[in-house]
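Basically this note's numbering = 1-based index in the sequence shown + 1. C-beta: ideal position from N, C-alpha, C; glycine also.
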Amino acid sequence: VYCARGDMENRIKEQKHDLAAGRTSAHLFRANQLRLWFSGLAYILVQAIRRLGLTGTKLAKAQAGTIRLKLLKVAARVLHVGGHLICQLASACPFRSLWGQVLKRLRIP
2 VYCARGDMEN RIKEQKHDLA AGRTSAHLFR ANQLRLWFSG LAYILVQAIR
52 RLGLTGTKLA KAQAGTIRLK LLKVAARVLH VGGHLICQLA SACPFRSLWG
102 QVLKRLRIP
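In structure tokens, the structure reads:
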């Protein structure tokens with residue numbers, strides 16, 4: 002029981018520090034509530050990427066901040082061509098092959 006409690010505290014800390022859940026600086030309650038909802042949604046999405054897209058990779062056990070820094074905060078050009086969104090990564094992107102793996106695993110057949 003205690004181990005599970007510690008794990009949950011680590012997840013809360015990860016969301017608070019890496020996804021700005023602790024930042025409730027607006028004057029209105031609803032604005033802070035919306036910010037917390039967005040942070041919760043971001044955490045769920047990062048968990049899904051970790052569980053479905055990063056299994057068997059070097060980022061499989063990475064924290065949310067590391068995944069955000071190495072996979073989501075990259076320079077890219079997004080094009081809308083024929084009803085499709087095309088994401089063009091820079092040729093010097095260090096995690097380009099990992100990006101491809103994650104997208105293949107997350108693709109819906």
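- Taking 3 residues as the minimum length, the beta strand (DSSP E) runs contained wholly in the region 68 to 97 are 77 to 82 and 85 to 90, in order along the chain.
- Our two residues, Leu-70 and Tyr-3, have alpha carbons roughly 31 Å apart in a direct line.
- In this structure Gln-16 is buried. Its beta-carbon is surrounded by 16 or more other beta-carbon atoms within 10 angstroms.
- Rounded to whole angstroms, Leu-53 and Arg-6 show a C-alpha spacing of 24 Å.
- DSSP places Leu-35 inside the alpha helix (DSSP H), whose first and last residues are 30 to 49.
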